[in-house]
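If you read the sequence shown in this note's numbering, its first letter stands for residue 59, the second for the next number, and so on.
Below is one structure, written out as structure tokens; the observations come after it.
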Amino acid sequence: MAEPAYRKLFRRTVGYPLEALGLVLGLGLFGLLPVDAASNLGGWLGRTFGPRLPVTRWARVNLRLAFPGKSETEIETVVRGMWDNLGRTAGEYPHLGRIAAPGSDRVELIDLDDSVPLQEKVRPGVLVSGHLANWEIMPVVAGRIGIDLAVVARIPNNPLVRPLVDRLRGVAGGRRIAKGAEGVKQAIAVLRGGATLGILADQKMNDGIEAEFFGRPAMTAAGPAQLALALDCPLVPARIERLGAARFRITFHPPLARPATGNRQRDVAALTAALNRLLEDWIGERPQEWLWLHRRWPRATYEDLDRPGV
59 MAEPAYRKLF
69 RRTVGYPLEA
79 LGLVLGLGLF
89 GLLPVDAASN
99 LGGWLGRTFG
109 PRLPVTRWAR
119 VNLRLAFPGK
129 SETEIETVVR
139 GMWDNLGRTA
149 GEYPHLGRIA
159 APGSDRVELI
169 DLDDSVPLQE
179 KVRPGVLVSG
189 HLANWEIMPV
199 VAGRIGIDLA
209 VVARIPNNPL
219 VRPLVDRLRG
229 VAGGRRIAKG
239 AEGVKQAIAV
249 LRGGATLGIL
259 ADQKMNDGIE
269 AEFFGRPAMT
279 AAGPAQLALA
289 LDCPLVPARI
299 ERLGAARFRI
309 TFHPPLARPA
319 TGNRQRDVAA
329 LTAALNRLLE
339 DWIGERPQEW
349 LWLHRRWPRA
359 TYEDLDRPGV
């Protein structure tokens, strides 16, 4: 059903300006604080108010789907931790450059495959991760250690917010590629030019392929696997973990094995499934650091679920 015209008008004339004002004020406040204080304040705000928001019902439902053995108390603990992490991520946003500054000890880097220098291993290559811990730190760190990274990123719907988000993300340097058909062309050009493409591949992709995620079929982005196979470049998973207030560990895993059965469709499906399994492992170990607020599985999955208390 199409959105009524009056709602569109209200969103554009009232909703968008209010959202932009709130973002400017919030990030302005966080930016005035020391790094740790901004992270701690964001965490307190997140875990105090986030669990009460209506959107949190999706996190609770998703957690029941992913972890059917967890009690309601355990689920609420994860929900509170998720909001703590999201709040900290917001508080840290204005400080990304300082967190990953040269000489800073706030980001620990681990390369599990040091047979080849990381910068060479991913040039060209696809660096893939998920919405874990503070996922915005990855492009900043990549730029600091000499990786020529172009990141596939969603453009904010609010046109008043876009310039601010672009400016904040710009502390990493490099390039941003919008999702969509034009973005695919740019992504191919990046890899053919010998640079690195960064993709967060953990969200629902309606035009993707079906792959199992926490034991249930889920529409999943096939782009990382398709690009790696088509352009014969490595697919390198990178895990981000939160170690505390504005402190992180980034672990670069060995490139995923690329199937070569001669059937491209099957190879893409197999490589995508392998990536999903790795993401599952990461999320399962630290569920409070993942973004549980979106509908990751098909609508039918939610309709079939008994959702007590939601």
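For each residue, glycine too, the CB sits at the ideal point set by N, CA and C.
A distance below 9 Å separates the beta carbons of Q346 and T135. Taking C-alpha positions only, A253 is separated from N143 by approximately 31 Å.
Its Cα nearest to that of D206, the residue M196 stands out among I213, M196, P214 and L167.
In the three-state reduction of the DSSP assignment, S173 falls in the coil class, being assigned neither a helical nor a strand state. I133 and L121 have their C-alpha atoms roughly 7 Å apart. Residue pairing by DSSP places A269 opposite A276 in a beta bridge. By the CB criterion at 9 Å, R316 and A269 fall outside the cutoff. DSSP lists no bridge partner for S162. Rounded to whole angstroms, the separation of the alpha carbons of G342 and V186 is 18 Å. In this structure, the CA atom of V248 is about 35 Å from the CA atom of G80. Contact check for L190 against I298 passes: the beta carbons are separated by less than 9 Å. A Cβ-Cβ contact shorter than 9 Å links E166 with F306.
Across the structure, R344 and G139 are spaced so that their CA atoms are roughly 10 Å apart.
With distances taken between CA atoms, P275 lies nearest to A358 out of A296, L67, P214 and A358. DSSP, read as helix, strand or coil, puts E194 in coil. A direct Cα-to-Cα measurement between L293 and G183 gives close to 6 Å.
No beta strand (DSSP E) of 3 residues or more sits fully in the region 132-163.
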